[in-house]
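Q: Have a look at this one.
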């Protein structure tokens, strides 16, 4: 609640957190999901671009109007933004938020599958394990993150399984289509008989099975009947296949494969993707860039550079972001990726688009979220400063027009020890 | 285990106690001495900058004069002769070179292939005998990237698999062929210890001690008991009374120097005597308190707790006891002992009087952005309604306080006359996602200039990779 309290208080600099005061809202609590945010710098991430001194009216959880000088209908709460930035709620990246609680404790982790027999199970769907009550959800949300691509992570097979898009509002179910997660290259070679060449061999066989070119009762089948049906859906274009891959030669093979099989793909990580920027742009294959990766961390990443995002964008590749380490607990770091990509040549607007509109489009949910336009869900963030700069923070998050409590287990811990120290 | 015994024997046979060990602790002999020499440098006047001194001061429109590898003067309107090269820093910020107290560059280098996994001697829970410097690969491409992030010095530590992981080494971040040529002259060694989950997981998982936190503490105590006894045996004996029949005192142990030299106990003894600085990987507040008691029990001092995601729960005590907290801005939850991490940790540890908050990386990515880590902590503090932390304060976390933790604050970590000219010129306020180091000086020599292509050092490993 500190965010709202701060917005409502008259003097910015006079404001100090106090536990009791933090619960006060200015005026009566208006009907939830109706709000007028007034005088913001509205980054619509749409064709309208960024609007100075603009208002956003939300009715019934949906954006009703965007523009200057909107008037508040009766009963609608008004929030004065004082010119501060308003953006769509941000993309948290490809994470395991809600399917892992403590990474090192296996009993709390549901993100990967490790079946000894028949390890290749595209039908595995991690969204079924999603726990909207995870403490990771509010921790991410208070940082301005509103939705995530819940991804299956590599376990017993290089085909990890399916994930979906979760809004971080506490709702239990994914929105939009599922995506299939796949890993290629050195990191997956151990799962494919010690060679990345076998990844194409196995993939081809799975495709043949899914397309009915292999008898269902073949003793050599890799897939279960459910797996064949699932993969057939992706081959028919029902969802995107998101491929974690770094080496340029692997990305080249991937592009050929996708073209041949007519599947929609996206690249995640993509350390050397910039080397194939033209090809990726021609095929309109989006890349979730690890924008802090510049080390030859493996022989698959020798070409890693901080200019990856900028070069891809310049070539016309849709660019979003994805972290490599501690993606879930530290999902908030994704803003730093975007900001650093901007510091290395990506236009600021593309940095923000990479955290909003682009991932929404790539994941098939842009009809609902990812931009500030009438008819879209009111998933919004009012920022204390530049949203791509780690020097600033999210003041207030609305999801579906509902002001989210700006509290998490971490703010509770903070406030306990902040108070304790003061008492002493 | 077999290999360890064999290696230990070989070492014992080869080692010879030199006669150097008079006065200063004999546990500090360095047969692998620093060969670092400052590179030639021209005198430089960085003028019209926003200067953060590292001692808590901010000077606007100020100048910094570097000469002969040292900082000659800091202030407004400095005069310098025509021979002095001028760097117009209008709109730019100048800080001391950044110092990372917790790096594994060189010991866990890029590429992270199995042959490069040299950071954890995971063969016994107490390996105080190993020295991280003997694992450092100077061609790690991460050093140059850290330099571009403004890092001029760092402590390279062994990993945290062991209760006592070994000696850490402080390096100047210069491109060289040997680690000795990076070794920070006169910097004390660090001793790496680890609390909590890692040692008990690594050894408990093998069915050997320690398997529990109580096993961890028993392990530290046994090691320090051995070291205390070793010190007693190796302390100079009172001169024997002269007897009429001459010679020694006639006892069996006449002339006994305390037995053969033991590399493990050398290091632990050096720590007890305060010559080797103790750096402890420790997450939980209660375990940090246990380690402070352990330090009292054996008479050593803890220089810093590293990672300390719960340090905010113990901030007053850390400050009161002069112990630094070397911390991340936002990592948490990857294991149970990291579950209570909060983004305000650094700011809360910084708050008490006489505190020593340090931003550390433990990461080849994080070391490139210590300034951004600090920016996150400043923003989190503002969000929490704490007093605004000004840049001149935040910079101490990556410079002066880090130097204090390493025991090199007399030489570097602040922009003061006479200190090493380890200096960064930033393109603006360093506490931002958009901040980039424009120029980095080490002992006055400009090792990196962002505006001049080709000045960033290129590791041998990187050569020719792009040739098609």
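Chains as they are written, first to last, in the working numbering: chain A, 7 to 430; chain B, 612 to 1079.
The beta carbon of each residue, even a glycine, is placed where N, CA and C say it ideally should be.
Is the shortest distance between the beta-carbon of residue 1067 (chain B) and the beta-carbons of chain A less than 8 Å?
A: Cβ-Cβ to chain A under 8 Å: no for residue 1067 (chain B).
Q: Quick check: is the beta carbon of residue 5 (chain A) nearer than 8 Å to any beta carbon in chain B?
A: Because chain A spans 7 through 430 in this model, residue 5 (chain A) falls outside it and cannot be assessed.
Q: Can you list, in chain order, the stretches of the alpha helix (DSSP H) that have 4 or more residues and sit fully within the stretch 808–839 of chain B?
A: For the stretch 808–839 of chain B, whole alpha helix (DSSP H) runs of length 4 or above, ordered along the chain, are 808–815.
Q: Check whether chain B comes within 8 Å of residue 302 (chain A), counting only Cβ atoms and requiring the distance to be less than that.
A: So yes, residue 302 (chain A) belongs to the interface.
Q: Around the Cβ of residue 627 (chain B), are there at least 16 other Cβ atoms within 10 angstroms (buried) or fewer (exposed)?
A: Only weak support is given to the placement of residue 627 (chain B): the predicted model assigns it a pLDDT of 33, under 50, and the value that follows is read from those uncertain coordinates. So residue 627 (chain B) counts as exposed.
Q: Using a Cβ distance threshold of 8 Å, determine whether the stretch 1038–1049 of chain B contacts the stretch 1002–1018 of chain B, with at least three qualifying pairs required.
A: Touching, yes, given that three or more Cβ pairs across the two stretches are closer than 8 Å.
Q: Span of the beta strand (DSSP E) holding residue 401 (chain A)?
A: Start and end: 400–405.
Q: Residues in the same chain with beta-carbon distance under 8 Å from residue 633 (chain B), minus the five sequence neighbours each way, listed in chain order, please.
A: Note that residue 633 (chain B) scores 38 on pLDDT, short of 50, meaning its location in the model is unreliable and no value can be drawn from it.
Q: Using the Cα positions of residue 1020 (chain B) and residue 709 (chain B), report the straight-line distance between them to the nearest angstrom.
A: Their backbone Cα atoms lie some 12 Å apart in a straight line.
Q: May I ask you to list the residues that DSSP assigns as paired with residue 389 (chain A)?
A: BP columns for residue 389 (chain A) point to A:400.
Q: Chain A partners of residue 959 (chain B), CB-CB under 9 Å?
A: By Cβ distance, chain A contributes 420, 423, 424, 427.
Q: Can you check which of these residues, B:914, B:928, B:674, is closest to residue 1027 (chain B) by C-alpha distance?
A: Among B:914, B:928, B:674, the Cα nearest to that of residue 1027 (chain B) is on B:674.
Q: What did DSSP end up calling residue 1037 (chain B) once you bin it into helix, strand or coil?
A: Reduced to three states, the DSSP call for residue 1037 (chain B) is strand.
Q: Any contact between the stretch 397–408 of chain A and the stretch 165–185 of chain A? By contact I mean 3 or more CB pairs, one from each, below 8 Å.
A: Contact holds: three or more Cβ-Cβ distances are below 8 Å.
Q: Would you check if there are 3 or more beta carbon pairs closer than 8 Å linking the stretch 196–215 of chain A to the stretch 154–165 of chain A?
A: Cβ pair count under 8 Å is three or more, so yes.
Q: Which residues in chain B have a C-beta closer than 7 Å to the C-beta of residue 298 (chain A)? List them in chain order.
A: Simply 976.
Q: By DSSP, does residue 415 (chain A) sit in helix, in strand, or in coil?
A: It is helical.
Q: With DSSP run on the structure shown, which of helix, strand or coil describes residue 679 (chain B)?
A: Note: residue 679 (chain B) maps to coil in three-state DSSP.
Q: Does the stretch 786–801 of chain B come within contact of the stretch 637–647 of chain B, defined as at least 3 CB pairs closer than 8 Å?
A: Touching, per the Cβ criterion.
Q: If you compare alpha carbons, which of B:829, B:823, B:888, B:770 is closest to residue 801 (chain B)?
A: The candidate whose alpha carbon is nearest that of residue 801 (chain B) is B:888.
Q: Enumerated in chain order, which unbroken segments of the alpha helix (DSSP H) with a length of 4 residues or greater are wholly contained in the stretch 181–253 of chain A?
A: You should have 192–195, 203–216, 231–241.
Q: Give a yes or no on contact between the stretch 970–983 of chain B and the stretch 373–384 of chain A, applying the rule of three or more CB pairs nearer than 8 Å.
A: The stretch 970–983 of chain B vs the stretch 373–384 of chain A: no contact.
Q: So residue 396 (chain A) and residue 990 (chain B) are supposed to be a Cβ contact under 8 Å. How far apart are they, rounded?
A: Right, the Cβ-Cβ distance comes to about 7 Å (below 8 Å), so this counts as a contact.
Q: If we count the other Cβ atoms within 10 Å of its Cβ and call it buried at 16 or more, is residue 1063 (chain B) buried or exposed?
A: Counting Cβ neighbours within 10 Å, residue 1063 (chain B) comes out exposed, since fewer than 16 surround it.
Q: Between the stretch 93–110 of chain A and chain B, which residues of the former have a C-beta closer than 7 Å to a C-beta of the latter?
A: Hits within the stretch, in order: 108, 109, 110.
Q: Where does residue 318 (chain A) fall in DSSP's three states?
A: Correct three-state label for residue 318 (chain A): helix.
Q: So which of B:981, B:1011, B:951, B:988 has the shortest CA-CA distance to residue 422 (chain A)?
A: Out of B:981, B:1011, B:951, B:988, B:951 has the C-alpha closest to the C-alpha of residue 422 (chain A).
Q: Are the stretch 270–289 of chain A and the stretch 239–252 of chain A in contact at 8 Å, needing three or more beta carbon pairs?
A: The stretch 270–289 of chain A is in contact with the stretch 239–252 of chain A.
Q: Nearest chain B C-beta to residue 345 (chain A) closer than 8 Å, yes or no?
A: True, the Cβ-Cβ gap to chain B drops below 8 Å.
Q: Which runs of the beta strand (DSSP E) at least 3 residues long sit entirely within the stretch 952–1031 of chain B? Give them in chain order.
A: Runs of the beta strand (DSSP E) inside the stretch 952–1031 of chain B: 968–970.
Q: So the alpha helix (DSSP H) residue 147 (chain A) belongs to, where does it begin and stop?
A: Its alpha helix (DSSP H) spans residues 142–147.
Q: Could you compute how far the alpha carbon of residue 697 (chain B) sits from the alpha carbon of residue 667 (chain B)?
A: Between residue 697 (chain B) and residue 667 (chain B), the C-alpha separation is close to 25 Å.
Q: Let me know the alpha helix (DSSP H) ranges lying completely inside the stretch 743–789 of chain B, each 4 residues or longer, listed in chain order.
A: As far as the stretch 743–789 of chain B is concerned, its whole alpha helix (DSSP H) runs of at least 4 residues are 753–759.
Q: Which residues of chain B have a Cβ atom closer than 8 Å to the Cβ of residue 399 (chain A), listed in chain order?
A: The contacting residues are 990, 991, 993, 994.
Q: Counting Cβ pairs closer than 8 Å, one from the stretch 905–913 of chain B and one from the stretch 958–965 of chain B, do we hit at least three?
A: Short answer: they don't touch.
Q: On the DSSP bridge list, what partners appear for residue 120 (chain A)?
A: Answer is none; residue 120 (chain A) lacks a bridge partner.
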